[in-house]
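Its first residue numbered 87, the sequence shown is counted upward by one per residue in this note's numbering.
Even glycine gets a Cβ: it sits at the ideal position worked out from N, Cα and C.
Reading through the structure tokens given below for one structure.
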Amino acid sequence: MLKKLVLFFFIIPAFINAQEQCDILIKNGKIIDGTGNNWYYGDVAVKNDKIIKVGKALNFSAQKIIDAPGLIIAPGFIDVHTHIEEDDAKAPTAESFIYDGVTTVVTGNCGLSNIDMARYFDLLDSLHLSINVASLIGHNDVRKAIMGRANRDATPEELQRMEALVEKAMMDGAVGMSTGLIYIPGTYSKTSEVLSLAKAAAKYHGVYASHIRDEGDKVTEAIDEAIAIGREADIPVEISHFKVSGQQNWGKSSITLPMIEKARQEGIDVTIDQYPYTASSTSVSTLLPDEILADGQDSIVARLQKPATKNYVINYMLKNLKKRKLKHFSYAVVASYKPDSTYNGKSIEQINLMKGRKHKAKQEAEMVIDIMLNGGASGVFHGMSEEDVKHIMTYPFNMFASDASIRLFGVGVPHPRGYGTNARVLAKYVRDEKIITLEEAIRRMTSLPAQKFQLQQRGLIKENMFADIVIFDEATVKDNATFEKPHAYSTGFKYVIVNGKITVDNAKHNGTRNGRPLYGPGKNNF
87 MLKKLVLFFF IIPAFINAQE QCDILIKNGK IIDGTGNNWY YGDVAVKNDK
137 IIKVGKALNF SAQKIIDAPG LIIAPGFIDV HTHIEEDDAK APTAESFIYD
187 GVTTVVTGNC GLSNIDMARY FDLLDSLHLS INVASLIGHN DVRKAIMGRA
237 NRDATPEELQ RMEALVEKAM MDGAVGMSTG LIYIPGTYSK TSEVLSLAKA
287 AAKYHGVYAS HIRDEGDKVT EAIDEAIAIG READIPVEIS HFKVSGQQNW
337 GKSSITLPMI EKARQEGIDV TIDQYPYTAS STSVSTLLPD EILADGQDSI
387 VARLQKPATK NYVINYMLKN LKKRKLKHFS YAVVASYKPD STYNGKSIEQ
437 INLMKGRKHK AKQEAEMVID IMLNGGASGV FHGMSEEDVK HIMTYPFNMF
487 ASDASIRLFG VGVPHPRGYG TNARVLAKYV RDEKIITLEE AIRRMTSLPA
537 QKFQLQQRGL IKENMFADIV IFDEATVKDN ATFEKPHAYS TGFKYVIVNG
587 KITVDNAKHN GTRNGRPLYG PGKNNF
């Protein structure tokens, strides 16, 4: 009997010691692993910054146990089209992204980025953001560094210097090159210039991400240009915020999506991203002809003060308004205007009336010129069809992206996409309207962007992957930001884990800043 008791006391500690240790154990959730496969019930064990085990009824002891019955366990969302530069230092906890389930962003889009990528990554490393950050090198800022805002072709020597900047950025860790071909000075560049720089990025296995030259009347020509660059540079292509703009173009997604499908059938690695809204957001300056915007603010003011030029610009804007089949600039809403915050949240039509001017489109065009004379403004532009948005959303090689900065809560009246992009897809288009399945939406938010931008060991709930994880309630997840009241965080995300550290704990950001810079394939490999 004594021998049996001794043996019993030896067995119990041995059993306890056999139980594996982890930092976080997530139990009893519905795992959607990011592959697009069906959900299944299971547990996830996290140790240090990695997922160490995925399975049913895992036998682990843990410092933190999250019991997740009825909740979805998914990889952290990856937003492939953001503009966080400058706001990264102002809002390092990145609540607007974190509360929307985003654990990783790709910045440097639309041709706008830091030029010294090594220095930027050092800054990110010192800031310790709550999110991971990868970056593209922006063509517009590369061109500006060499040529300023000049409206002309690059000389061979200038092009060579631009190529060198792109190559250095790729070796410093950029994941690719971006263009913003509706923005100054990118709009002044010919396809041959962009192609040369895309080839420089391709040497280091980067991606070519393009805000194409036109998203309205000439959208098909612009898509053709992006695809041609991908073909000739032998580089993967990402067409940013894929859309069809302008009321006169509604329905053209039935033309533009087959162009992407055809290119893929030809063997060109082209994908797209989309924000789930019918309004875009950019500078009010895009209402003006490109040639007016060359060479800086002083030059813009000088041109607009000439009566003949001013009349030319007014007629240009009125012609475009007529194309949209609109009588007023009601579709263009000021998001942020530094000289007078009372403009924020009001359309150009409303601002014109507020200033006591005649209710005429010509006076509204003059109002736009006045805004430009005082430094310009950011705006929200209502010009897309809900049917096009839904049609584009059904395309399987389409990712979801906010096209947003880190929002500074309460500042301006920005586009709500900066707070609610992912939650809106999950609530409106998955749960309510059933445009795509939950598993497919998660794949588009996780493994597809990780694959496209070569973000190693991210985007899946799988052993040895980095532990970027979101845990949310599919029945209650909701975007709360609206165009009228955009400063509202998404709800329904109970836990968010970044590199193995809980950042949102029971729906509350706890201040953890465990994000990292993420480097492209050119870093240390060439």
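My guess is that residue i and residue j are in contact by the Cβ rule of under 8 Å, so how many angstroms apart are they, rounded?
i, j, result
"His-225", "Ser-264", "7 Å"
"Gly-292", "Met-256", "6 Å"
"Thr-589", "Thr-598", "4 Å"
"Ile-325", "Ile-298", "6 Å"
"Leu-534", "Met-470", "Going by Cβ atoms, the distance from Leu-534 to Met-470 rounds to 23 Å, so no, they are not a contact pair."
"Gly-266", "Leu-222", "At roughly 11 Å, the Cβ-Cβ gap does not stay under 8 Å, so Gly-266 and Leu-222 are not in contact."
"Ala-553", "Gly-586", "4 Å"
"Tyr-481", "Ile-358", "7 Å"
"Ile-152", "Lys-113", "7 Å"
"Ala-295", "Gly-262", "6 Å"
Based on the DSSP secondary-structure assignment, which residues constitute the bridge partners of residue i?
i, result
"Asp-359", "Met-485"
"Ala-148", "Cys-108"
"Asn-401", "Bridge partners of Asn-401: none, in fact."
"Ala-365", "His-468"
"Tyr-126", "Ile-117"
"Thr-577", "Lys-564"
"Val-228", "Paired residue(s): none; Val-228 is not in a bridge."
"Lys-136", "Lys-133, Phe-552"
"Ile-557", "Ile-159, Tyr-581"
"Thr-265", "Ser-296"
"His-595", "Val-590"
"Ser-340", "DSSP lists no partner for Ser-340."
"Ala-255", "Answer by DSSP bridge pairing: none, since Ala-255 is not bridged."
"Ser-690", "Any question about residue 690 goes unanswered here, given that the chain covers just 87 to 612."
"Gly-141", "Asp-129"
"Pro-603", "Val-219"
Do you know how far the Cα of residue j is from the Cα of residue i?
i, j, result
"Phe-483", "Asp-300", "21 Å"
"Leu-93", "Lys-548", "Only weak support exists for where Leu-93 lies, its pLDDT of 47 falling under 50; the coordinates are left without a value."
"Ile-164", "Gly-128", "23 Å"
"Thr-614", "Ala-349", "Because the chain is modelled from 87 through 612, residue 614 falls outside the range shown and cannot be assessed."
"Asn-430", "Ile-457", "12 Å"
"Ile-138", "Met-551", "8 Å"
"Cys-196", "His-169", "9 Å"
"Gly-606", "Met-203", "11 Å"
"Tyr-685", "Val-330", "One cannot answer for residue 685 here, as it falls past the ends of the chain, which runs 87 to 612."
"Leu-88", "Gly-545", "Confidence at Leu-88 is low in this model, with a pLDDT of 47, below 50, so its placement is unreliable and no value can be given for it."
"Ala-319", "Glu-352", "15 Å"
"Leu-407", "Gly-332", "9 Å"
"Ala-314", "His-445", "45 Å"
"Ile-102", "Ala-284", "Per-residue confidence for Ile-102 stands at a pLDDT of 47, beneath the threshold of 50, marking its modelled position as unreliable; no derived number is given."
"Gln-383", "Ile-492", "26 Å"
"Glu-279", "Ala-240", "8 Å"
"Val-389", "Thr-395", "Going by the sequence as given, residue 389 is Arg instead of Val. Each residue's Cα considered, the two are about 6 Å apart."
"His-414", "Ile-455", "15 Å"
"Phe-95", "Ala-513", "Per-residue confidence for Phe-95 stands at a pLDDT of 47, beneath the threshold of 50, marking its modelled position as unreliable; no derived number is given."
"Asn-596", "Arg-529", "27 Å"
"Pro-603", "Gln-391", "45 Å"
"Asp-617", "Ser-416", "In the structure as shown, the chain begins at 87 and stops at 612. Residue 617 is therefore absent and cannot be evaluated."
"Phe-467", "Val-511", "20 Å"
"Gly-616", "Phe-328", "No answer is possible for residue 616: the residues shown for the chain start at 87 and end at 612."
"Asp-474", "Arg-503", "17 Å"
"Ile-110", "Asn-610", "32 Å"
"Asn-592", "Lys-133", "20 Å"
"Asp-518", "Arg-238", "50 Å"
"Tyr-290", "Val-356", "18 Å"
"Ser-433", "Val-420", "6 Å"
"Glu-525", "Ile-478", "18 Å"
"Val-582", "Asn-566", "18 Å"
"Ile-615", "Glu-347", "The displayed coordinates of the chain run from 87 to 612. Any statement about residue 615 would go beyond what the structure contains."
Just checking: is the beta-carbon of residue i within a distance shorter than 8 Å of some beta-carbon in chain C?
i, result
"Glu-525", "In the displayed structure, chain C is absent; only one protein chain is listed."
### Task
Evaluate contact between the segment 429 to 446 and the segment 335 to 349, counting only Cβ atoms and requiring at least three cross-stretch pairs below 8 Å.
no
### Query
Within the chosen definition, does the segment 205 to 218 reach the segment 227 to 246 through at least 3 CB pairs nearer than 8 Å?
Segments in contact, no.
### Task
Taking only runs that begin and end inside the segment 279 to 326, name each unbroken alpha helix (DSSP H) of 4 or more residues, in chain order.
Listed in chain order, they are 305 to 319.
### Task
Please determine if the segment 401 to 410 and the segment 367 to 386 are in contact, where contact requires at least 3 C-beta pairs separated by less than 8 Å.
yes
### Task
For the segment 150 to 204, list the beta strand (DSSP E) runs that are entirely contained and at least 3 residues long, ordered along the chain.
158 to 161, 163 to 165, 188 to 193
### Task
Would you check if the segment 204 to 212 and the segment 235 to 246 touch, i.e. whether three or more CB-CB distances between them fall below 8 Å?
Because the criterion of three Cβ pairs below 8 Å is not met, the segment 235 to 246 and the segment 204 to 212 do not touch.
### Query
What beta strand (DSSP E) runs, 3 residues minimum, are completely inside the segment 402 to 435?
Positions of the beta strand (DSSP E) runs, each at least 3 residues long and wholly inside the segment 402 to 435, are given as 418 to 422 in order along the chain.
### Message
With three or more beta-carbon pairs closer than 8 Å as the criterion, would you say the segment 492 to 499 touches the segment 353 to 370?
### Response
Output reads no: the segment 353 to 370 does not touch the segment 492 to 499.
### Task
Output the residue ranges of the alpha helix (DSSP H) runs that lie fully inside the segment 489 to 533 and measure 4 residues or longer, sorted by chain position.
503 to 510, 524 to 531
### Message
Between the segment 142 to 160 and the segment 104 to 118, can you find at least three pairs of beta-carbon atoms closer than 8 Å?
### Response
yes
### Message
Using a Cβ distance threshold of 8 Å, determine whether the segment 149 to 159 contacts the segment 177 to 196, with at least three qualifying pairs required.
### Response
no
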